[in-house]
Ligand code: NAP
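Numbering (the working numbering), first residue to last: 42 to 302.
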């Protein structure tokens, strides 16, 4: 029997088969879950195409996290299909080009607010939209699990700039959501991943050097093409193996976060 047998999981952020969320969706299916994906904007058709690489007919909802009407419509659409949501995967990030690249002064509030809304506030917006369905998971026995994707925000990285600030907000927000959803048996955790070559990662200028340094600094080594290691941790947190873990950040980074200079 799979670790996620019978679980109903919404996975956001699947753009291509290189997306971290794609690896999560595939492994979730392998472990017995039924998955629904969401996609946004111009990437929606790409998400639909990528969904065909999964097993069976996988539904794709339209959710641009900056559009409240999308969230409302998606929740009611999913509510017609499922009576509850056992897992929600947040794998969404975006920052305008001015927010990245190694100069924190380049971006102005106009650009920064986009990065913070899409990459961090969206966790609250998503959870809020699906909260009744997540809370309904209690009746299934184990409660529900929200898992977000993070990049360690405890230090300043060479080129990550405002995306790093957005990740710091995401980390803090996940703890507040864990506080307010515990009584509904909804757990909220993050997986802080090392760099993996995805569309989002490729759009960050200078990210290649960042990737090379990672492998050199990681006691376990690091493969920037291996999204499966990140997906495994997400599956663990979505499963019933961590029933008393919430507000946590699990590092899947080859050990880099624990190393000094
Ligand atoms: P990805 O494949 O490019 O996925 C990013 C996703 O965010 C895309 O599906 C994108 O959809 C979506 N997105 C952007 N703006 C959105 C919006 N307004 N509404 C809804 N969705 C939106 O890249 P990824 O690397 O797998 O990223 C997934 C998550 O992992 C992100 O949170 C990222 O920060 C995190 N992460 C990545 C790495 C890495 O090295 N790759 C490391 C640590 C953490 P559209 O393009 O269609 O808008």
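We put the CB at the ideal spot given by N, CA and C, even for glycine.
Ligand 1 heavy atom lying under 6 Å from the CB of residue i
i	result
residue 236	yes
residue 193	no
residue 50	no
residue 61	yes
residue 105	yes
residue 283	no
residue 68	no
residue 270	no
residue 145	no
residue 167	no
residue 242	yes
residue 290	no
residue 56	yes
residue 239	yes
residue 81	yes
residue 132	yes
Cβ distance (whole Å) where residue i is taken to contact residue j below 8 Å
i	j	result
residue 160	residue 136	7 Å
residue 232	residue 287	At roughly 14 Å, the Cβ-Cβ gap does not stay under 8 Å, so residue 232 and residue 287 are not in contact.
residue 266	residue 190	Not confirmed; about 17 Å, so no contact.
residue 73	residue 47	7 Å
Residue i burial status per 10 Å Cβ neighbour count (16 or more: buried)
i	result
residue 127	buried
residue 110	exposed
residue 235	buried
residue 295	buried
residue 117	exposed
residue 197	exposed
residue 149	exposed
residue 201	buried
residue 261	exposed
residue 195	exposed
residue 146	exposed
residue 45	buried
Count the C-beta pairs between the region 239-254 and the region 50-65 that are closer than 8 Å, then say yes if the count reaches three, no if not. Pairwise C-beta distances place the region 239-254 in contact with the region 50-65, as three or more of them are shorter than 8 Å.
Per the contact definition of three or more C-beta pairs closer than 8 Å, is the region 73-86 in contact with the region 98-118? A contact exists between the region 98-118 and the region 73-86.
Check whether the region 82-97 touches the region 276-286, taking contact to mean three or more Cβ pairs, one atom from each stretch, closer than 8 Å. no
With three or more beta-carbon pairs closer than 8 Å as the criterion, would you say the region 151-168 touches the region 195-207? yes
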